[in-house]
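Numbering (our numbering), first residue to last: 920 to 1235. In what follows, a single structure is set out as structure tokens and then discussed.
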């Protein structure tokens, strides 16, 4: 006999508004305990000094985490000029100081160069692995590592406020983009010292501040026995994945791990949705399809040669 899982079979997403100085791991642990969930995970680590959207998956929603990891993200952040730190944020050790400050015109003129696909070197204090070790662990040990530049995509970068000492900006970017690297490189281009003094994630795919909840408010809901009000559907993370309606019999076959032969009209429906997805700029998981029964996702599948093959079965 298998071991009995501890906790309740809770399935769905919590769009958490993470507080300052809390780690992503701590946030997941706290949410899991509040729901007494058997299983939990998160989509995209948020630095302790950053606040904002941290999508937390419970139960079967953890199977959809990889799809959300590819989602676009929106950030708001502030650069404080005058000091450069080794971590590129307020937590790090000051490694350079300067009285030089940029003017607004020069700052605005520098922003267009960051829009589009660019090459970006991650910060030394990042989760990138070097010879099997995290870069931030090596950096804290005083080990100097040379991280390689990699391609990232920035869709929009704009200046929201500027007072001479600080600049507040908004960033819409693709996966793998480091806000601290944007600030570091921008300051270097302007010939000034600076670091990120405030960072807030406003959106991750379909998860945004409108549907976000703080731990405090979630705790209040739990106290009233109404915590399910904060639970979003498992398919929230799959908003850009084409959905194909299936019958009860077809859903049963997929859940048994069996593939399905699709009718020409079903293939045409999926192909049209996949084409629209590609044209919208979504390149990851090009063959993935949601099999949906009565509005609820049953399995994530791949469409190959007119047949639907289940790759992730959801037991909801």
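Where is the CB? At the ideal position from N, CA and C, for every residue including glycine. No experiment lies behind these values; they were computed from the predicted model shown.
Practice item. Say whether the stretch 991 to 1001 touches the stretch 1079 to 1088, bearing in mind that this needs 3 or more beta-carbon pairs closer than 8 Å, one atom from each stretch. Key: yes
Review point. Roughly how many angstroms lie between the CA atoms of residue 1190 and residue 1103, to the nearest whole one?
Key: 42 Å
Exercise for review: Just tell me which of 1006, 1108, 937 has its CA closest to the CA of residue 1019.
Suggested key: 1108
**Study point:** Runs of alpha helix (DSSP H) wholly within the stretch 1094 to 1162 (minimum 4 residues, chain order)
**Key:** 1098 to 1109, 1134 to 1142
Check your understanding: Can you pull the DSSP bridge partners for residue 1007?
Key -> None, per the DSSP bridge assignment.
Check your understanding: In terms of DSSP beta bridges, what is residue 997 paired with?
Key -> 1087, 1117
Point to revise | Element boundaries [beta strand (DSSP E), containing residue 1280] | key: There is simply no residue 1280 to check, as the chain begins at 920 and stops at 1235 in what is shown.
Point to revise | C-alpha distance - residue 1209 paired with residue 1163, whole-angstrom precision | key: Approximately 6 Å, taken between the alpha carbons.
Point to revise | Residue from 1124, 1214, 1113 with nearest C-alpha to residue 1002 | key: 1113
Check your understanding: So what's residue 1234 in DSSP terms, helix, strand or just coil?
Key -> coil
Review point. Under the three-state reduction of DSSP, which class applies to residue 1180: helix, strand or coil?
Key: strand
Exercise for review: Please name the residue, chosen from 1221, 1216, 1234, 1188, that lies closest to residue 1157 on a Cα-to-Cα basis.
Suggested key: 1216
Practice item. Evaluate contact between the stretch 1185 to 1200 and the stretch 1132 to 1152, counting only Cβ atoms and requiring at least three cross-stretch pairs below 8 Å. Key: Contact between the stretch 1185 to 1200 and the stretch 1132 to 1152 is absent: fewer than three C-beta pairs spanning the two stretches fall below 8 Å.
Exercise for review: Starting from the C-beta of residue 1116, find all residues in its chain whose C-beta is less than 8 Å away, skip the five residues before and the five after it, and write them out in chain order.
Suggested key: 997, 998, 999, 1008, 1009, 1085
Check your understanding: According to the Cβ coordinates, are residue 972 and residue 947 closer than 7 Å?
Key -> no
Practice item. Look at the alpha carbon of residue 1101 and the alpha carbon of residue 924, and state the distance between them as a whole number of angstroms. Key: 44 Å
Review point. Which one of 1070, 1072, 1118, 1169 has the shortest CA to CA distance from residue 1232?
Key: 1169
Exercise for review: May I have the straight-line CA-CA distance separating residue 941 from residue 1180, to the nearest angstrom?
Suggested key: A direct Cα-to-Cα measurement between residue 941 and residue 1180 gives close to 48 Å.
Review point. Roughly how many angstroms separate the alpha carbons of residue 1126 and residue 1165, rounded to a whole number?
Key: Distance between the alpha carbons of residue 1126 and residue 1165 is about 27 Å.
Review point. Expressed to the nearest angstrom, what Euclidean distance is found between the alpha-carbon atoms of residue 1049 and residue 1041?
Key: The predicted position of residue 1049 is uncertain, since its pLDDT is 47 and thus under 50; no value can be drawn from it.
Exercise for review: Can you give me the Cβ contacts of residue 1230 inside the same chain, cut-off strictly under 7 Å, excluding the 5 residues immediately before and after it?
Suggested key: 1219, 1220, 1221
Review point. Excluding five sequence neighbours on each side, which residues of the same chain lie with their C-beta closer than 6 Å to the C-beta of residue 1094?
Key: 989
Review point. First and last residue of the alpha helix (DSSP H) that includes residue 985?
Key: 984 to 988
Point to revise | Alpha carbon of residue 939 to alpha carbon of residue 969, nearest angstrom | key: 6 Å
Exercise for review: Classify residue 1013 as buried or exposed, calling it buried when 16 or more other Cβ atoms lie within 10 Å of its own Cβ.
Suggested key: It counts as exposed.
Review point. Does DSSP put residue 978 in a helix, a strand or coil?
Key: helix
Check your understanding: If we call anything under 7 Å between Cβ atoms a contact, is residue 978 one with residue 928?
Key -> yes
Check your understanding: To which residues of the same chain is residue 1098 closer than 7 Å at the C-beta, ignoring the five residues directly before and after it?
Key -> 994, 996, 1090, 1115, 1118
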